[in-house]
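Residue 308 in my numbering sits at position 303 of the sequence shown, with consecutive numbering throughout.
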Amino acid sequence: MIITQTPLRISLAGGGTDIAAFYTHAPGAVVSAAIDKFIYVIVNQRFDDKIYLSYSKKEIVDRLDDIQHELVREALRMAGVRQGIEIAIMADIPSEGSGLGSSSSLTVGLLNAFHAFCGVQVPAEQLAREACEIEINICGKPIGKQDQYIAAYGGLCHFVFHADQRVTTTQMPFGKNEYDLGGNLLLFFTNITRKADVILREQVRNTADKFTQLARIGAMAAQARGAIEAGAHDTLGALLRENWELKCALAESITKPEIDAMVTRAMQAGALGCKICGAGGGGFLLVYCRPEQQPQLREALVAYREMPFHFERHGSKVIFHLERYVWK
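Have a look at this one:
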């Protein structure tokens, strides 16, 4: 039996430039942080040759190709597992529509579990690269690469995405800044879930027309990295605000009146900046607010559920492994 634990993430700057429609013309860049909310994948070897799968649905199949869950199916195929396995998936938060990168975290966690099931330990770069191959190239999702990479590496990272498909990863040390920075960041659920694919497809279609805005968003990643490394955390708040204003111009479906009202409430209550996590349209609102202003911020956002979190230093990892003989 094997259990993997894979973190979700918040994107601090640069989101949207990790999509191929942008980075094939100019380097994309993001600063992302893993958080202590997780996707868990449990796998166990079966005596028979069937494949058992349990998530929000239950599947029992004889053949790999009969699996309906496309991420599970393709991750099994990539790792070389064809039969005789039972798989269970659990998450700390709803696995769809959160904006915290749950689908990519799941893909990375599945790959990590299946490779371990086959007796192979693979590095973070391979997990991220294979997860991108599954989600973007095989399943055709209109998404970027940052979610897979931060789920695999964990911690606080600056990623640069190149036209030749290389990804330059710089893991930023937290140092003494971890609690200072984390103490200024809060997550509130908008009470809205959404399908990211619809928003992202619109954004991809608009890339050429919105290239200047995207280039500015990408440049913010280096600024955010510099601010964090210098301990100038309030600068990050201002960057979050500017990033959100630019992001809203990328596609009509990124925001809506309910979200605009929530952002306005947060800013009037003392937030220095905020933005919707992920593609937009719903999910979680990331807010930068100094600790002394947070009581009035929470009062202003009392209608929205807060999700406390800390940064997570580790990427996807095997947290339990009862070793047995495994065959393919």
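All residues carry an ideal CB built from backbone N, CA and C; glycine is no exception.
Predicted model only: the values in this text are computed from it and were never measured.
Rounded separation between residue i and residue j - CA only
{"i": "Asn346", "j": "Gly286", "result": "Beyond the ends of the chain as shown, which are 6 and 333, falls residue 346; an answer cannot be given."}
{"i": "Ile155", "j": "Ser37", "result": "7 angstroms"}
{"i": "Arg303", "j": "Leu251", "result": "26 angstroms"}
{"i": "Leu245", "j": "Ser109", "result": "23 angstroms"}
{"i": "Phe325", "j": "Phe119", "result": "13 angstroms"}
{"i": "Ser258", "j": "Asn248", "result": "16 angstroms"}
{"i": "Val86", "j": "Arg14", "result": "28 angstroms"}
{"i": "Asn142", "j": "Tyr293", "result": "35 angstroms"}
{"i": "Ile90", "j": "Gly114", "result": "16 angstroms"}
{"i": "Val331", "j": "Ile65", "result": "Its pLDDT being 48, under 50, Val331 is placed unreliably by the model, and the measurement read from it follows with that caveat. Rounded to whole angstroms, Val331 to Ile65 spans 20 angstroms at the Cα level."}
{"i": "Ile44", "j": "Gln151", "result": "17 angstroms"}
{"i": "Ser334", "j": "Asn117", "result": "The structure shown does not extend to residue 334, since the chain is modelled only from 6 to 333, so the question has no answer here."}
{"i": "Val323", "j": "Ala96", "result": "15 angstroms"}
{"i": "Ala136", "j": "Gly102", "result": "19 angstroms"}
{"i": "Lys63", "j": "Gln301", "result": "44 angstroms"}
{"i": "Val125", "j": "Glu263", "result": "47 angstroms"}
{"i": "Thr260", "j": "Glu328", "result": "48 angstroms"}
{"i": "Ile98", "j": "Leu186", "result": "23 angstroms"}
{"i": "Arg171", "j": "Arg134", "result": "9 angstroms"}
{"i": "Thr212", "j": "Ala220", "result": "10 angstroms"}
{"i": "Pro147", "j": "Glu75", "result": "15 angstroms"}
{"i": "Gly104", "j": "Ile233", "result": "23 angstroms"}
{"i": "Gly320", "j": "Ala256", "result": "31 angstroms"}
{"i": "Val48", "j": "Ala235", "result": "43 angstroms"}
{"i": "Gln88", "j": "Leu290", "result": "41 angstroms"}
{"i": "Lys280", "j": "Arg199", "result": "16 angstroms"}
{"i": "Asp54", "j": "Asp67", "result": "7 angstroms"}
{"i": "Cys162", "j": "Gln50", "result": "35 angstroms"}
{"i": "Val203", "j": "Gly283", "result": "13 angstroms"}
{"i": "Ser192", "j": "Gln298", "result": "Ser is not the amino acid found at residue 192; the sequence shown has Leu there. C-alpha separation (whole angstroms): 15 angstroms."}
{"i": "Ile222", "j": "Gln10", "result": "31 angstroms"}
{"i": "Cys123", "j": "Ala157", "result": "19 angstroms"}
{"i": "Val209", "j": "Arg310", "result": "31 angstroms"}
{"i": "Ala254", "j": "Asp265", "result": "13 angstroms"}
{"i": "Ser61", "j": "Phe194", "result": "21 angstroms"}
Cβ neighbours of residue i in the same chain (closer than 7 angstroms, five flanking residues each side left out)
{"i": "Asp239", "result": "Leu277"}
{"i": "Ala243", "result": "Leu277, Gly278"}
{"i": "Gly188", "result": "Pro296"}
{"i": "Arg82", "result": "Leu69"}
{"i": "Val77", "result": "Leu58, Ile92, Leu115"}
{"i": "Leu241", "result": "Leu17, Ala229, Ala232, Ile233, Tyr293"}
{"i": "Glu79", "result": "Ile139, Ile143, Cys144"}
Bounding residues of the alpha helix (DSSP H) (the contiguous stretch that carries residue i)
{"i": "Phe122", "result": "107 to 122"}
{"i": "Ala232", "result": "216 to 235"}
{"i": "Val268", "result": "262 to 273"}
{"i": "Leu255", "result": "That residue, Leu255, is in no alpha helix (DSSP H); it is neither H nor E in DSSP."}
Cβ shell of residue i (< 8 angstroms), same chain only, five flanking positions each side left out
{"i": "Arg318", "result": "Ala39, Gly159, Gly160, Phe179"}
{"i": "Asp41", "result": "Pro12, Phe314, His315, Phe316, Glu317"}
{"i": "Thr269", "result": "none"}
{"i": "Pro128", "result": "none"}
{"i": "Glu138", "result": "Met83"}
{"i": "Glu140", "result": "Leu76, Ser108, Ser109, Thr112, Lys146, Ile148, Gln153"}
{"i": "Met225", "result": "Ala18, Gly19, Leu244, Glu247, Asn248"}
{"i": "Gly288", "result": "Gly102, Ser103, Gly104, Leu105, Phe194, Thr195, Ile197, Thr198, Arg199, Ile281, Cys282"}
Segment limits, beta strand (DSSP E) that includes residue i
{"i": "Val307", "result": "Neither: Val307 is in no beta strand (DSSP E) and is coded neither H nor E."}
{"i": "Cys279", "result": "278 to 281"}
{"i": "Thr9", "result": "7 to 18"}
{"i": "Leu290", "result": "289 to 293"}
{"i": "Met95", "result": "90 to 96"}
{"i": "Ile324", "result": "322 to 326"}
Same chain, Cβ closer than 6 angstroms to residue i, five either side skipped, listed in chain order
{"i": "Ser59", "result": "Ala93"}
{"i": "Gly106", "result": "Leu13, Arg14, Asp152"}
{"i": "Thr173", "result": "Val165"}
{"i": "Ala121", "result": "Ile7, Val323"}
{"i": "Lys333", "result": "Because Lys333 sits at a pLDDT of 45, beneath the cut-off of 50, its placement in the model cannot be relied upon, and the following sentence gives the value as read from the coordinates. Cβ neighbours of Lys333 beyond the five flanking positions: Gly85."}
{"i": "Arg206", "result": "Pro147"}
Residue i CB to nearest heavy atom of the ligand COA below 7 angstroms
{"i": "Ala39", "result": "Of ligands this structure carries none, so the ligand COA is not represented either."}
In chain order, which beta strand (DSSP E) runs of at least 3 residues are fully inside the segment 124 to 201?
161 to 166, 172 to 177, 190 to 194
Check whether the segment 266 to 283 touches the segment 291 to 309, counting contact only when three or more Cβ pairs, one atom from each stretch, lie closer than 8 angstroms.
yes
Report yes or no: do the segment 23 to 32 and the segment 210 to 224 share at least 3 C-beta pairs separated by less than 8 angstroms?
yes
How about the segment 164 to 176 and the segment 20 to 28: do they share at least three Cβ pairs that are nearer than 8 angstroms?
yes
Completely contained beta strand (DSSP E) runs for the segment 28 to 82, where each covers 3 or more residues
33 to 50, 56 to 59, 63 to 66
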